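Here the working numbering is used: position 104 in the sequence shown is 213, and no number is missing along the way.
Glycine included, C-beta positions come from ideal geometry on N, C-alpha and C.
Treat the numbers as computed from the prediction; the structure is a model and nothing was measured.
One structure below.
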Amino acid sequence: MTRVFSGVKPTGHLTLGNYLGAMRQWAAVDQHRSDALFCVVDLHALTVDHDPARLRRLSRQAASLLLAAGLDPELCTLFVQSHVDEHARLSYVLECVATDGEMRRMIQYKEKAARERERGGSVRLSLLTYPVLMAADILAYGTDEVPVGHDQTQHVELARDLAVRFNQRYGHTFVVPRATSPAVAARVMNLLEPTSKMGKSDDVGPGIVYLLDEPDVARKKVMRAVTDSGREVVYDREERPGLANLLEILAACAGGDPAELAGKYDSYGALKKDTAEAVVEVLRPVQRRHQELCADPGYVEGVLREGAEKARGMARPTVDAAYRAIGLLPPG
Ligand code: TYM
């Protein structure tokens, strides 16, 4: 059976981008047709400025939202990264296979490091090695497929490169994974800056629809989305990114093809209105279920405890094999 692994980083409140680009697929498709693991990658959240209490809150909330989005612990394994030591254990060994040049070429590193420096802050070393830890997440489980939004494909490519290099040098140890992405909404853009990704840790809150936004708040954000100059509703990602983003969000939420949907509208206002309603309808059941789960924190904790136990058992043999292959002396 295909092994699937993916994760979400609790650095901020989860967004419509996280949902349409990744989580929805995990719940609707991946957990049903594969042996799937989903992870709240809290170690990754330590790579940028963070507040410990907020991180704990966001980690719990992310786990609860993954369940609310439809992940079923009977069908998949849901856990928190720091509960399974194998991720950090493998990451170190992979650091001995990766090069610093490779890390410095990563787009997300360049963007995030530049942002930290602009703010006058310093760049944590872990931000540079972030993709190695992500490779460890993936490779520890013998993962075949990594369902992610487009912003993560370069990181998955790196995991592939490290797997191939390790296997060539030290003998076959890792499965070589590949990224998969949804046909539409693999890159949901910020509603106010449609040339930038809708990212949860961004500062431009009004351009981001959060999964827990009240219906009226979500509606207003969509209605205020920037559209492009020109009157006609056409689907053109290059020339009309704002409009294309709305059409993709509508297609992802209500079904249909963005280019065909464009033909049905003769005004931006009507398109925005329908998109806003479609977004609210998609969020409604997730929010309802999240509310129920908030009333039962013991349930979520239990799911995470069991998930970590299962994940540990799955990762340990591969990580032990990597330690042996690279020449580390097994404990007696
Ligand atoms: P993260 O937490 O930024 O995002 C989680 C998932 O949501 C997708 N996504 C989007 N998709 C479409 N449009 C958007 N605007 C958008 N924003 C986010 C992401 O592509 C991702 O699939 N490094 C990863 C977390 C990670 C991981 C892993 C993923 C750590 N280890 C191992 C897969 C496998 C990240 O920061 O995702």
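Kindly identify the DSSP beta-bridge partner or partners of ASP405.
Taking the sequence shown and counting its residues from 1, one reaches residue 405 at position 296. In the DSSP output, where bridge partners are listed per residue, ASP405 has none listed.
Could you check if HIS399 is buried or exposed, using at least 16 other CB atoms within 10 Å of its CB as the buried criterion?
The residue you call residue 399 lines up with position 290 of the sequence shown. The residue in question, HIS399, is buried, as its Cβ has 16 or more Cβ neighbours within 10 Å.
Go ahead and label THR208 buried or exposed: buried means 16 or more other beta carbons lie within 10 angstroms of its beta carbon, across all protein chains shown.
Working through the sequence shown from its first residue, we reach residue 208 at position 99. Exposed.
Note down, in chain order, each residue of its chain lying with its Cβ closer than 7 Å to the Cβ of LEU199, except the 5 sequence neighbours on either side.
Mapped onto the sequence shown, residue 199 falls at position 90. Only ALA245, LEU248, ALA249, VAL428 and ALA431 meet the Cβ criterion.
Which residues does DSSP list as the beta-bridge partners of MET298?
Here residue 298 refers to the residue found at position 189 when the sequence shown is read from its first residue. Bridge partners of MET298: LYS306.
Would the beta-carbon of LEU176 fall within 9 Å of that of VAL409?
Within the sequence shown, numbered from 1, the residue matching residue 176 stands at position 67. Within the sequence shown, numbered from 1, the residue matching residue 409 stands at position 300. Yes, the pair counts as a contact, with Cβ atoms nearer than the cut-off.
My assumption, with CB atoms under 8 Å, is that GLY351 sits in contact with ASP366. Please give the rounded CB distance.
Residue mapping note: residue 351 aligns to position 242 of the sequence shown, counting from 1. Residue mapping note: residue 366 aligns to position 257 of the sequence shown, counting from 1. GLY351 to ASP366, Cβ: 19 Å. No contact.
Run through the DSSP bridge pairs and tell me what SER115 is partnered with.
The residue given as residue 115 occupies position 6 in the sequence shown. Its beta-bridge partners are PHE147.
Roughly how many whole angstroms lie between the Cα atoms of ALA59 and SER231?
As displayed, the chain neither begins before 110 nor continues past 441, which places residue 59 out of reach and without an answer.
Excluding the 5 residues flanking ARG425 on each side, which residues of the same chain have their C-beta closer than 8 Å to its C-beta?
Taking the sequence shown and counting its residues from 1, the one referred to as residue 425 is at position 316. GLU195, listed in sequence order.
Which runs of the beta strand (DSSP E) spanning at least 3 residues fall entirely within the region 141-205, listed in chain order?
144-149 and 186-189
Around the Cβ of ASP375, are there at least 16 other Cβ atoms within 10 angstroms (buried) or fewer (exposed)?
Sequence index remark: in the sequence shown, residue 375 carries index 266 (1-based). Exposed.
Quick one: using the 10 Å Cβ neighbour count with 16 as the cut-off for buried, is LEU129 buried or exposed?
Against the sequence shown, residue 129 aligns to sequence position 20. The residue is buried, with at least 16 neighbouring Cβ atoms inside 10 Å.
Reference ALA379; option with closest CA among ALA417, ARG328, ALA162 and ASP158
Within the sequence shown, residue 379 is the residue found at index 270, counting from 1. Of the candidates ALA417, ARG328, ALA162 and ASP158, the one whose C-alpha sits nearest the C-alpha of ALA379 is ARG328.
Buried versus exposed, by CB contacts within 10 Å (16 or more), MET307
As a position in the sequence shown, residue 307 is number 198, starting the count at 1. MET307 comes out buried.
Give the secondary structure of GLU254 by DSSP, where H, G and I count as helix, E and B as strand, and everything else as coil.
Residue 254 sits at position 145 when you count from the first residue of the sequence shown. GLU254: strand per DSSP, three-state reduction.
In angstroms, rounded to a whole number, what distance separates the CA positions of GLU415 and ARG421?
For this step, residue 415 is matched to residue 306 along the sequence shown. For this step, residue 421 is matched to residue 312 along the sequence shown. Taking the straight line joining both Cα atoms gives about 10 Å.
Alpha carbons only, please: which of PRO394, ALA131, ALA404 and GLY436 is nearest the one belonging to THR262?
Looking up residue 262 in the sequence shown gives position 153. Of the candidates PRO394, ALA131, ALA404 and GLY436, the one whose C-alpha sits nearest the C-alpha of THR262 is ALA131.
From the DSSP secondary-structure annotation, give me the bridge partner or partners of THR124.
Working through the sequence shown from its first residue, we reach residue 124 at position 15. TYR319.
How would you write the range of the beta strand (DSSP E) that ALA207 sits in, first residue to last?
In the sequence shown, the residue the question calls residue 207 occupies position 98. Careful: ALA207 lies outside any beta strand (DSSP E) and carries neither H nor E.
Looking at the unbroken beta strand (DSSP E) that takes in ALA288, where does it start and where does it end?
For the purposes of this step, residue 288 is taken as residue 179 along the sequence shown, with counting starting at 1. Start and end: 287-289.
Below 8 Å on the Cβ atoms is my contact criterion, and I expect ALA145 with ASP139 to pass it. Report the Cβ-Cβ distance as a whole number of Å.
As a position in the sequence shown, residue 145 is number 36, starting the count at 1. As a position in the sequence shown, residue 139 is number 30, starting the count at 1. Confirmed, Cβ separation roughly 5 Å.
Three Cβ pairs or more, each shorter than 8 Å: is that satisfied between the region 263-279 and the region 290-301?
no
Assign ASP375 to one of three DSSP states: helix, strand, or coil.
Position 266 of the sequence shown, counted from the start, is the residue given in the question as residue 375. Coil at ASP375, not helix or strand.
Would DSSP call TYR344 helix, strand or coil?
Position 235 of the sequence shown holds residue 344. Looking at TYR344 - three-state DSSP - the assignment turns out to be coil, as it is neither helix nor strand.
What do you reckon, are the CB atoms on LEU437 and THR124 nearer than 9 Å?
The residue given as residue 437 occupies position 328 in the sequence shown. The residue given as residue 124 occupies position 15 in the sequence shown. Result no, Cβ atoms of LEU437 and THR124 do not sit closer than 9 Å.
Is there at least one non-hydrogen atom of the ligand TYM closer than 8 Å to the beta-carbon of LEU242?
On the sequence shown, residue 242 is found 133 positions in, with the first residue counted as 1. True, at least one ligand heavy atom lies under 8 Å from that Cβ.
Does DSSP put HIS399 in a helix, a strand or coil?
Position 290 of the sequence shown, counted from the start, is the residue given in the question as residue 399. Looking at HIS399 - three-state DSSP - the assignment turns out to be helix.
Grab me the residues of MET332's own chain with a C-beta within less than 7 Å of its C-beta, minus the 5 sequence neighbours each way, in chain order.
As a working note, residue 332 is residue 223 in the sequence shown. Contacts found: LYS381 and ALA385.
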